[in-house]
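S.K.:
Chains as they are written, first to last, in our numbering: chain A, 5 to 376; chain B, 2 to 599.
(1) Taking Cβ-Cβ distances shorter than 8 Å, what residues in chain A pair up with residue 32(B)?
(2) Along the chain, where does the alpha helix (DSSP H) that runs through residue 198(A) open and close?
(3) Determine the burial state of residue 369(A): buried for a count of at least 16 other Cβ atoms within 10 Å of its Cβ, exposed for fewer.
(4) Can you find the residues in the same chain that come closer than 8 Å, C-beta to C-beta, to residue 502(B), ignoring five residues on each side of it along the sequence?
(5) Could you list the residues in the segment 439–452 of chain B with a C-beta less than 8 Å from some C-beta on chain A, going in chain order?
(6) Can you check whether the C-beta of residue 284(A) is within less than 9 Å of a C-beta belonging to chain B?
(7) Which residue's Cα is closest to the Cα of residue 274(B): 283(B), 262(B), 282(B), 284(B)?
(8) Between which two residues does the beta strand (DSSP E) holding residue 377(A) run?
(9) At a Cβ threshold of 9 Å, is residue 150(B) touching chain A?
(10) With respect to the beta strand (DSSP E) encompassing residue 156(A), which residues constitute its N-terminal and C-terminal limits?
(11) Does residue 156(B) come out as helix, strand or coil in the three-state DSSP assignment?
(12) Could you pull out every residue in the same chain whose Cβ sits closer than 6 Å to the Cβ of residue 361(A), ignoring the five residues on either side in sequence?
(13) Along the segment 334–364 of chain A, what residues have a CB closer than 7 Å to any CB found in chain B?
(14) Grab me the residues of residue 185(A)'s own chain with a C-beta within less than 6 Å of its C-beta, minus the 5 sequence neighbours each way, in chain order.
(15) Determine the direct distance from the alpha carbon of residue 92(A) to that of residue 73(B), and round the result to whole angstroms.
(16) At a CB-CB cut-off below 7 Å, which residues of chain A make contact with residue 541(B)?
(17) So which residues on chain A does residue 145(B) lean against when the C-beta distance must stay under 7 Å?
(18) In chain B, which residues lie less than 7 Å from residue 47(A) when you measure between Cβ atoms?
(19) Could you tell me if residue 552(B) is buried or exposed, where buried requires 16 or more neighbouring beta carbons within 10 angstroms of its beta carbon?
(20) Buried or exposed: where does residue 234(B) fall if 16 or more other Cβ atoms within 10 Å of its Cβ makes it buried?
(21) Does the segment 469–488 of chain B come within contact of the segment 78–96 of chain B, defined as at least 3 CB pairs closer than 8 Å?
(22) Would residue 466(B) count as contacting chain A if we go by Cβ distances under 9 Å?
(23) Count the C-beta pairs between the segment 102–117 of chain A and the segment 130–140 of chain A that are closer than 8 Å, then say yes if the count reaches three, no if not.
(24) Could you name the residues of the segment 195–212 of chain A whose beta carbon sits closer than 7 Å to any beta carbon of chain B, in the order they occur along the chain?
(25) Starting from the N-terminal side, write out each stretch of the alpha helix (DSSP H) that is 4 residues or longer and does not extend beyond the segment 201–230 of chain A.
(26) Helix, strand or coil for residue 279(A) per DSSP?
(27) Can you name the residues of chain B whose CB is closer than 7 Å to the CB of residue 99(A)?
(28) For residue 86(A), which of helix, strand or coil comes out of DSSP?
(29) Could you work out which residues of chain A lie near residue 457(B), taking near to mean beta carbons separated by less than 8 Å?
(30) Which residue marks the beginning of the alpha helix (DSSP H) containing residue 67(B), and which one marks its end?
(31) Just the C-alpha distance for residue 279(B) and residue 221(B), rounded to the nearest angstrom, thanks.
(32) Using Cβ-Cβ distances below 8 Å, what residues of the segment 244–257 of chain A are close to chain B?
(33) Which stretch, first to last residue, makes up the alpha helix (DSSP H) that contains residue 359(B)?
(34) Could you please tell me which residues of the segment 364–387 of chain B, in chain order, have their CB closer than 8 Å to any CB of chain A?
(35) Helix, strand or coil: which one does DSSP assign to residue 54(B)?
(36) My parser needs the beta strand (DSSP E) runs of 3 or more residues fully inside the segment 78–155 of chain A; what are they?
Rendered as structure tokens:
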């Protein structure tokens with residue numbers, strides 16, 4: 005017991021010393037910390053799955069790491085699309101942003117970059133190397149091409165097939181996304197009210213072929229439901245399976261290991277989406293914001309994110325949740341795909357922003373909801 | 002010369018003071034505040050109209066009819082309209098079926114335990130709609146519904162007889178949810194009915210049924226009509242139930258189409274507020290049409306004046322042998338709308354995650370989530386903001402409603418009908434549309450008047466709620482003021498009271514039960530309102546309703562249920578306290594006893 009207490013005291017002292025050492029130097033990081041300290045506040049968004057308790061633990065750890073002692077106002081309400089849309093409106097009207105640092109997925113991040121609402125961290129590589137050496141080792145994933153210097157990945161959302169084993173055995177599940185259109189699955193599954201994941205089919209299929217695949221799902225008239233509602237309906241046996249993020253699996257299993265929920269993978273492709281922190285242009289507390297965006301990529305932050313949000317960071321690959329997912333992916337022999345895997349993938353994503361791409365997105369939306 | 006000037010000055014000063022006194026002592030105070038509220042409503046409505054012609058943000062792009070082309074050109078347009086009307090009418094039918102008899106039984110009869118029953122009705126409002134819908138899915142889902150299974154077993158059916166994922170399912174649940182709204186809308190007028198008219202009918206030999214049909218119902222007609230319009234307008238703008246029961250797929254209605262416009266299906270941050278604005282205006286159209294009939298009934302307002310200066314005294318209707326069927330009817334409604342959702346909430350709150358009832362699930366029951374309530378509540382700031390939101394919104398809603406109703410009912414101004422129509426507009430516009438208009442207004446305020454504490458503060462949420470709830474509260478205050486005859490106010494004026502004194506000292510106490518109902522109901526609705534709050538919250542103006550939403554969205558229905566149970570118990574307790582403090586809302590005898598007789 006005594007040894008444990010001593011170990012804890014030693015760890016605390018060592019950690020405190022690190023914070024002091026970081027702040028006392030004369031390098032860019034020390035200047036950033038000092039500037040952040042003078043700003044004395046940080047307003048940010050945190051993913052809703054983190055919860056109040058997890059949000060507090062996260063921001064406390066951030067402050068402790070850099071020896072900061074200021075107010076952090078965190079918004080955990082989610083609504084990423086709306087928050088980024090609001091940020092675009094603020095940018096266009098020229099008023100100071102509500103949040104200093106925000107988190108979101110590629111489509112909303114790129115929209116805000118395009119609107120001029122995100123500030124690039126100029127010497128981000130040098131700073132990342134000091135703040136998060138582990139993320140620096142995989143810097144092309146931590147701040148991938150297309151958003152390099154703007155967005156800093158703190159998590160990935162991996163889309164899997166979630167099912168109720170009491171309602172359907174694993175061997176009867178669809179093997180590929182294409183199989184979802186089999187009439188035997190009528191009434192068995194739901195689709196979400198968005199096409200963010202569906203559009204990622206372009207990473208594996210020809211666009212006309214993929215449109216036909218999506219039409220085949222729509223023809224079965226599946227229910228359109230948000231993930232949370234769909235998962236609950238699946239767990240009471242009202243639905244058999246659905247596509248959703250691994251978060252729901254880990255979250256329910258953590259609370260109740262016997263919960264009737266299991267996950268499987270589509271063998272043709274497994275979509276993953278990076279979730280990145282971005283610093284708002286004109287932020288009231290820009291230095292604290294930059295510091296947080298960079299720190300969010302660390303293993304330290306990842307541990308807290310995994311503990312509460314139960315969400316992976318595939319680029320770091322170190323947390324327990326990430327390791328479990330990677331192991332399951334390995335067992336299923338499935339490779340996750342993302343818009344930021346390579347230049348070719350990114351170009352496909354950017355094509356969706358063209359007039360032709362927008363029409364295609366609309367066609368996918370119609371196919372998914374109506375089968376037309 | 003100086004003296005002349007002095008006299009002239011003092012004379013003009015006296016004149017000015019006199020006219021100022023006239024202004025503030027007449028109806029002008031009411032007119033001023035009523036039009037101030039109307040001006041804000043009109044401003045925001047104009048912003049929504051503007052948005053409907055804009056493809057981007059209202060202040061950055063030109064006018065375009067593209068949003069209208071997108072909505073009217075949709076092959077599903079007529080399906081959406083017909084489904085919406087069907088759901089609206091179905092919801093109204095259910096809420097009338099339960100709401101009107103409940104209002105009569107709990108306000109005008111000697112049914113026992115009415116305070117408790119009324120508290121239960123009020124408490125239903127803060128139960129999240131999605132939990133109620135989940136409860137009914139557990140009962141009436143064709144796949145797993147317990148009730149379906151029971152009926153199938155008894156009658157040896159091969160297919161489930163009920164499918165909750167349908168338009169009737171949506172109407173049924175919404176009808177149960179909105180019954181308390183109907184109840185509270187007509188409770189005030191119901192309590193204020195002059196029983197002398199009923200007694201007179203009884204004296205001439207009319208039986209109880211005839212008295213209800215021919216005496217009580219016609220006197221309540223303006224309140225009932227106001228309630229029907231309100232319920233219809235609420236029903237066609239409600240998302241939470243339809244969103245869970247096929248509204249986003251086959252059972253599409255206007256509210257779900259609005260949701261899809263602001264939650265882009267194509268997966269970008271480009272939110273189609275313009276399209277949402279067009280759908281919002283489509284919801285407004287039938288509402289305005291319904292208002293026309295409402296105003297027709299108001300024209301006959303004097304016929305419904307039942308509180309007079311001549312021996313007004315409400316009296317309970319003795320139920321006699323009908324007492325037990327009456328209690329059963331109340332319990333039947335409470336079972337469907339209160340006990341069932343409460344049981345589902347309780348069940349969910351005791352489990353690690355939602356499951357159908359079974360022996361295995363029973364073994365998982367624990368109070369784990371209740372031990373973490375302090376985290377679920379979100380901290381001191383959230384509690385303070387919520388308190389400010391609920392108290393501030395209710396007080397402002399009551400104040401502006403009274404002012405508006407005064408103008409509408411007690412003045413002969415030519416614009417009074419216009420004021421009433423404008424006060425109903427916010428209800429015709431879905432909350433999300435209003436919230437976006439407020440968001441834009443907030444951004445503009447921050448741009449042009451950065452010193453005004455509005456954008457990202459709790460005041461922007463209060464503003465949204467006040468405007469959104471005015472229509473509801475004005476239905477109550479309108480109906481209440483209609484029932485107070487002009488002679489009472491005239492008597493006060495003859496005795497030398499100023500206009501505003503008669504408003505505060507005579508009229509307000511007379512309609513106090515209606516005001517207390519309106520305040521209480523507004524507080525509950527504001528407390529649970531989440532769609533506007535979600536759009537308007539920033540880092541420093543979080544409220545409890547959004548905490549609940551966050552829990553649900555992150556897949557923690559069980560924690561959300563535990564928090565709901567705690568909030569229901571606290572709210573129920575508060576309602577009981579308010580009932581005691583304000584002279585027992587549940588007791589018609591608490592109405593002020595008027596002097597004089599005749």
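Ideal Cβ placement from N, Cα and C applies to all residues, glycine included.
M.R.: In this structure, then:
(1) Start at 1 with the first residue of the second chain, and residue 32(B) comes out as number 31. Result: empty, since nearest Cβ-Cβ is about 35 Å, beyond 8 Å.
(2) Position 194 of the first chain holds residue 198(A). No alpha helix (DSSP H) contains residue 198(A), which DSSP labels as neither H nor E.
(3) Working through the first chain from its first residue, we reach residue 369(A) at position 365. With 16 or more other Cβ atoms within 10 Å, it is buried.
(4) Within the second chain, numbered from 1, the residue matching residue 502(B) stands at position 501. Taken in chain order, the residues that qualify are 493.
(5) 440, 441, 444, 445, 447, 448, 451
(6) In the first chain, the residue the question calls residue 284(A) occupies position 280. Cβ-Cβ to chain B under 9 Å: no for residue 284(A).
(7) In the second chain, counting from the first residue as 1, residue 274(B) sits at position 273. For residue 274(B), the nearest C-alpha among the options comes from 262(B).
(8) This structure cannot speak to residue 377(A), because chain A is shown only from 5 to 376.
(9) Taking the second chain and counting its residues from 1, the one referred to as residue 150(B) is at position 149. So, not an interface residue.
(10) As a first step, residue 156(A) must be located in the first chain, where it is residue number 152. Start and end: 155–167.
(11) Numbered from 1 along the second chain, position 155 holds the residue referred to as residue 156(B). Here residue 156(B) sits in helix by DSSP.
(12) For the purposes of this step, residue 361(A) is taken as the residue at position 357 of the first chain. Same-chain partners within the cutoff: 355.
(13) none
(14) Position 181 of the first chain, counting from 1, holds the residue named residue 185(A). Excluding sequence neighbours, residue 185(A) sits near 220, 221.
(15) The residue you call residue 73(B) lines up with position 72 of the second chain. The residue you call residue 92(A) lines up with position 88 of the first chain. Approximately 28 Å, taken between the alpha carbons.
(16) Stepping through the second chain from its first residue, residue 541(B) is reached at position 540. Under the 7 Å cutoff, chain A gives 77.
(17) Against the second chain, residue 145(B) aligns to sequence position 144. For residue 145(B), the C-beta contacts it makes with chain A under 7 Å involve 240, 241, 242, in order along the chain.
(18) Residue mapping note: residue 47(A) aligns to position 43 of the first chain, counting from 1. Under the 7 Å cutoff, chain B gives 540.
(19) Along the second chain, read from residue 1 onward, the residue named residue 552(B) stands at position 551. That one is buried.
(20) Position 233 of the second chain, counted from the first residue, corresponds to residue 234(B). The residue in question, residue 234(B), is buried, as its Cβ has 16 or more Cβ neighbours within 10 Å.
(21) no
(22) Taking the first residue of the second chain as position 1, residue 466(B) is located at position 465. Not an interface residue.
(23) no
(24) 197, 198, 199, 200, 203
(25) 211–222
(26) Mapped onto the first chain, residue 279(A) falls at position 275. The answer is strand: DSSP assigns residue 279(A) an E or B state.
(27) The count along the first chain starts at 1 and reaches residue 99(A) at position 95. Ordered by position in chain B, the residues that pass the 7 Å Cβ test against residue 99(A) are 444, 447, 448.
(28) Residue numbering aside, residue 86(A) sits at position 82 when the first chain is read from its first letter. Helix, per DSSP.
(29) Along the second chain, read from residue 1 onward, the residue named residue 457(B) stands at position 456. Those are 102, listed as they occur along chain A.
(30) In the second chain, the residue the question calls residue 67(B) occupies position 66. Here the alpha helix (DSSP H) through residue 67(B) covers 67–73.
(31) Position 278 of the second chain holds residue 279(B). Position 220 of the second chain holds residue 221(B). Looking at the two C-alpha atoms, the distance is approximately 35 Å.
(32) 251, 252, 255, 256
(33) The sequence position of residue 359(B) within the second chain is 358, counting from 1. Per DSSP, residue 359(B) belongs to no alpha helix (DSSP H) and is neither H nor E.
(34) 365, 373, 376, 377, 379, 380
(35) The sequence position of residue 54(B) within the second chain is 53, counting from 1. If DSSP states are grouped into helix, strand and coil, residue 54(B) belongs with coil.
(36) 105–108
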